[in-house]
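These protein sequence lines map, in sequence, to chains A and B.
Numbered per the working numbering, the first sequence spans residues 21 to 145.
Numbered per the working numbering, the second sequence spans residues 21 to 145.
C-beta: ideal position from N, C-alpha, C; glycine also.
This report concerns only the one structure given below.
There are 2 protein chains.
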Amino acid sequence: MSRYEKVCLIRADGGRAIRRILDRIGDKWALLVIATLHEQRMRFTHLQQRVPGISQRMLSLTLRNLERDGLVSRTSYPEVPPRVEYELTPMGRTLIEPAVALAEWAVEHDPDIGRSQRQYDSRQT
Amino acid sequence: MSRYEKVCLIRADGGRAIRRILDRIGDKWALLVIATLHEQRMRFTHLQQRVPGISQRMLSLTLRNLERDGLVSRTSYPEVPPRVEYELTPMGRTLIEPAVALAEWAVEHDPDIGRSQRQYDSRQT
DNA sequence: CTGGATCCAGTACGATACTG
DNA sequence: CAGTATCGTACTGGATCCAG
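Shown next, in the form of structure tokens:
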């Protein structure tokens, strides 16, 4: 596949496929949860501790969405007290690779973006 | 850099770097505009025609944000009627690669996600 | 032609409180 | 422990109208 054809993937179907995945990992917590879950399967509370700043509500919502998309699987054990563990599905794992590619770009260019923003803002004054 | 270290890039700085770029390309139109602009520099109206469904307002906002981030450059020609052209900056071009990686993943797994969602939803009934 | 200004609906997110 | 329910806020994106 040529580079040009690859770029067309972004625009494929009016960008609907890429939109769907961006709507998921674009939200505030999903990618962070995925990256955290990549280390190991984890219980709800442990996960909340490992993702600093996330509220119960948002962790709950995020996990439910990820489960619905088939990126995370949920296993609840019939015990008292209740124990529920979350882990990435095989498909969830494959998402790590492109996500890391984006993260590398982000970390590498973050200073440039910051500089550009400050320049832009100072010109507006 | 090991795979584990790479995954940590996502969580680096509490995920701030990846968040900044996701806040940008995660919005509804930015990535579509970038992909469209990858083909060639383009005027405002032409761009609007090439990105189906985008409103004037959103194109304008999107372009200004991208310009502020240093991903797109704006050149206005002192003519009547006014002519303004947009093109990707060198940094903007480098974003194409990880974006395409994500788009490939999205297109490849879109059917699986759709299936998973339908399954999940039918179980809730 | 290239946008800026305004109004409005939907929703993402946070804080807090409550429950099996 | 692992969530759900409720409320309030702030922001996003769309439609429309206006201006240099």
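- For Met111(B), the three-state secondary structure derived from DSSP is helix.
- With a threshold of 9 Å between beta carbons, Pro101(A) makes no contact with chain B.
- In the three-state scheme derived from DSSP, where H, G and I count as helix and E and B as strand, Arg94(A) is classed as strand.
- Among the bridge pairs identified by DSSP, Met62(B) is matched with Tyr106(B).
- Glu107(A) and Leu57(A) do touch by the CB rule: their CB atoms are close to 6 Å apart, below 8 Å.
- Listed by position along chain A, the residues whose Cβ is nearer than 9 Å to that of His66(B) form an empty set, because the closest Cβ is around 15 Å away.
- Our two residues, Gln144(B) and Thr109(A), have alpha carbons roughly 20 Å apart in a direct line.
- Rounded to the nearest angstrom, the gap between the Cα atoms of Glu59(A) and His129(B) is 22 Å.
- For Gln137(A), at least one C-beta of chain B is nearer than 9 Å to its own C-beta.
- Look at the stretch 33-48 of chain A: the residues with a C-beta under 9 Å from a C-beta of chain B are Asp33, Gly34, Gly35, Arg36, Ala37, Ile38, Arg39, Arg40, Ile41, Leu42, Asp43, Arg44, Ile45, Gly46, Asp47 and Lys48.
- Non-local beta-carbon contacts of Asp89(B) in its own chain, meaning distances under 7 Å to residues more than five positions away in sequence, involve Arg44 in chain order.
- When only Cα atoms are considered, Met62(B) and Ala121(B) end up about 24 Å apart.
- Within chain A, the residues whose beta carbon sits less than 8 Å from that of Arg31(B) are Leu52, Ala55 and Thr56, listed in sequence order.
- Nearest in C-alpha terms to Trp49(A), of all of Leu67(A), Arg36(A), Arg40(A) and Asp33(A), is Leu67(A).
- For Leu86(B), the closest of Glu87(A), Gly134(A) and Met21(A) by C-alpha to C-alpha distance is Gly134(A).
- For Val53(B), the secondary structure class from DSSP, reduced to helix, strand or coil, is helix.
- The three-state reading of DSSP puts Pro131(B) in helix, counting H, G and I together.
- Using a Cβ-Cβ cut-off of 7 Å, Ile116(B) is close to Val27 of chain A, given in chain order.
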